[in-house]
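> Starting off with a structure, shown below.
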Amino acid sequence: MLIESLRLENFRNYVQEEIRLEPGINILFGENGQGKTNFLEALYFLLTGKSYRVQREQELTHWGENGFRLQGLFQVKQRIIQLESRYYERRKILKINNMPCRKLSDYVGTVNAVYFSPDDLILVKGGPGERRKFLDFHIAQTKPGYVSLLNSYNKVLEQKRALLKSNLSLQSKRSQLAVWNEELIELGRKLIKHRMNLTEELQTVSSYFYQHISEGKEKMEIHYRPLGLKDYEEAISSFPNLLIEHTEQEIERQAVLIGPHRDDLVIYLNQKPARLYASQGQVRSLVLSLKLGEVQLIQAKKEEYPLLLLDDVLSELDRFRRKYLLEFIYSSSIQTLITMTSAEEMPEGKINRYYVKQGQIRREF
Ligand SMILES: Nc1ncnc2c1ncn2[C@@H]1O[C@H](COP(=O)(O)OP(=O)(O)OP(=O)(O)O)[C@@H](O)[C@H]1O
Ligand SMILES: [Mg+2]
1103 MLIESLRLEN FRNYVQEEIR LEPGINILFG ENGQGKTNFL EALYFLLTGK
1153 SYRVQREQEL THWGENGFRL QGLFQVKQRI IQLESRYYER RKILKINNMP
1203 CRKLSDYVGT VNAVYFSPDD LILVKGGPGE RRKFLDFHIA QTKPGYVSLL
1253 NSYNKVLEQK RALLKSNLSL QSKRSQLAVW NEELIELGRK LIKHRMNLTE
1303 ELQTVSSYFY QHISEGKEKM EIHYRPLGLK DYEEAISSFP NLLIEHTEQE
1353 IERQAVLIGP HRDDLVIYLN QKPARLYASQ GQVRSLVLSL KLGEVQLIQA
1403 KKEEYPLLLL DDVLSELDRF RRKYLLEFIY SSSIQTLITM TSAEEMPEGK
1453 INRYYVKQGQ IRREF
């Protein structure tokens, strides 16, 4: 997949900017606070209809304006695709080749990208929610319908929560819970299955990358823990019983205690939980391996590499890992956008350079 050009209108600190990008490595460099991350955020928003930084589109809108527009030309399997996402008067409009998409799930995944920034280190050290988000985001990009499934599950969850918090009698709570639980089980099992499959695929590719990055010295493993259990079959079959067993506790605590919205993806390093024991460098290698695993899986599913967006990560990697990453990018011909603050750190080889200053981008030759 390739991005050919991107046009931004009133997005963050960009008023009006259009830029052509080249295959291979594109470097955006400039001082702090000039718009490098904003540019990657714009591209990511254009591909997914969402920002990874904020929930509300208003924050993405250039101050004083009431909306923004992003347009991009992409190449997917030698076909040109135009994407447009516009936010105006609190409404979001997404278009593929000028045709409006009614559902986000019809739009997401048309063009794929993997984004990696130092904030992603939270994947290893942060709570389970970060890891669920990582899995869900990936599945949403590659499986049509997953966004709808996730939305439906979250709606049922909300309804069940509202019921638990309501003033209804114990008896009516118990009887109504059974109805929501049935839906929770049906949708929850599907969620678990998708996440389980992805984890197994990732385990194979990411542990391969980790082994190479650590020069064969260390071993990474990832395991999905459905409903807090180790075994998938057991989780699927015991889901209804677990809900029944926890009904009184759920009523008492007014919280939904059982379901994949509480699952975790456990990352092990040399058979120990990485969240507790991994060093800074090891965390970086683990996240890099997960991200490269994602790149490889998208390639396997879509038969084309996704775009790779590296925000400030190159300077965070030591020489060996940096070299490993760049060799992977070059050998796989992945179109990559890299941000950095100083032009001196630029990698060797053929690169295209763009200078970013105060919301304007200039190609440097
Ligand atoms: N909605 C907005 N409207 C206008 N300007 C904004 C908006 N949101 C953020 N900015 C400005 O964008 C700038 C930050 O841009 P960005 O995060 O892309 O910087 P950067 O070039 O990546 O810097 P760094 O090297 O520090 O990461 C800040 O100056 C901020 O004030
Ligand atoms: Mg930045």
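In my numbering, the protein residues as written are 1103 to 1467.
Even glycine gets a Cβ: it sits at the ideal position worked out from N, Cα and C.
(1) Please look up how many angstroms separate the CB atoms of Val-1385 and Leu-1223, rounded, as I've assumed it's under 8 Å.
(2) Looking at the unbroken alpha helix (DSSP H) that takes in Ser-1187, where does it start and where does it end?
(3) Is Lys-1459 near ligand 2 - that is, is its Cβ less than 6 Å away from at least one heavy atom of it?
(4) Can we count Gly-1137 as close to ligand 1, meaning its CB is less than 6 Å from some heavy atom?
(5) Which of helix, strand or coil does DSSP assign to Ala-1357?
(6) Could you tell me the distance, in whole angstroms, from the CA atom of Val-1415 to the CA atom of Ser-1219?
(7) Of all the options Arg-1114, Ile-1105 and Gln-1136, which has the alpha carbon lying nearest to the alpha carbon of Pro-1125?
(8) Please classify Ile-1346: does DSSP put it in a helix, a strand, or coil?
(9) Helix, strand or coil for His-1164? Go by DSSP, reduced to three states.
(10) Whole-angstrom Cβ separation of Gly-1461 and Asn-1134, contact assumed at under 8 Å?
(11) So who's on the other strand from Arg-1122, going by DSSP bridges?
(12) Under the criterion of a Cβ to heavy atom distance below 6 Å, does His-1240 qualify as lining ligand 1?
(13) Identify, in the order they occur along the chain, each residue of the same chain with its Cβ nearer than 8 Å to the Cβ of Leu-1367, setting aside the five sequence neighbours on each side.
(14) In the DSSP assignment, the alpha helix (DSSP H) including Thr-1150 goes from what residue to what residue?
(15) Does the Cβ of Arg-1455 lie closer than 6 Å to at least one heavy atom of ligand 1?
(16) Got a sec: does ligand 3 put a non-hydrogen atom nearer than 6 Å to the Cβ of Asn-1112?
(17) Identify, in the order they occur along the chain, each residue of the same chain with its Cβ nearer than 7 Å to the Cβ of Glu-1418, setting aside the five sequence neighbours on each side.
(18) Beta-carbon within less than 8 Å of Ser-1339's beta-carbon, same chain only, minus the 5 sequence neighbours each way: which residues are those?
(19) Going by C-alpha distance, which of Val-1226, Val-1213 and Asn-1269 is nearest Ala-1044?
(20) Locate the beta strand (DSSP E) running through Asn-1134, then write down its first and last residues.
(21) Does the distance between the C-beta of Asn-1115 and the nearest non-hydrogen atom of ligand 1 fall short of 6 Å?
(22) Enumerate in chain order the residues of its own chain whose CB-to-CB distance from Leu-1196 is below 6 Å, with the five nearest sequence positions on each side excluded.
(23) Considering only C-alpha positions, which residue in the set Glu-1466, Gln-1373, Val-1178 and Phe-1131 is nearest to Glu-1405?
Concretely, from the data shown:
(1) 5 Å
(2) Careful: Ser-1187 lies outside any alpha helix (DSSP H), inside the beta strand (DSSP E) at 1181-1190.
(3) no
(4) yes
(5) coil
(6) 6 Å
(7) Ile-1105
(8) helix
(9) coil
(10) Their Cβ separation, rounded to whole angstroms, is 14 Å, which puts Gly-1461 and Asn-1134 out of contact at 8 Å.
(11) Ser-1107
(12) no
(13) Pro-1230, Arg-1233, Arg-1234, Phe-1236, Leu-1237, Arg-1297, Thr-1301, Ile-1324, His-1325, Tyr-1326 and Arg-1327
(14) 1138-1150
(15) no
(16) Here the bound small molecules are ligand 1 and ligand 2; ligand 3 is not part of this structure.
(17) Pro-1220 and Arg-1386
(18) none
(19) Nothing can be reported for residue 1044, as the shown portion of the chain is limited to 1103 through 1467.
(20) Taken as a continuous stretch (DSSP letters only), Asn-1134 belongs to no beta strand (DSSP E), as it is neither H nor E.
(21) yes
(22) Gly-1151, Ser-1187, Cys-1203 and Tyr-1209
(23) Val-1178
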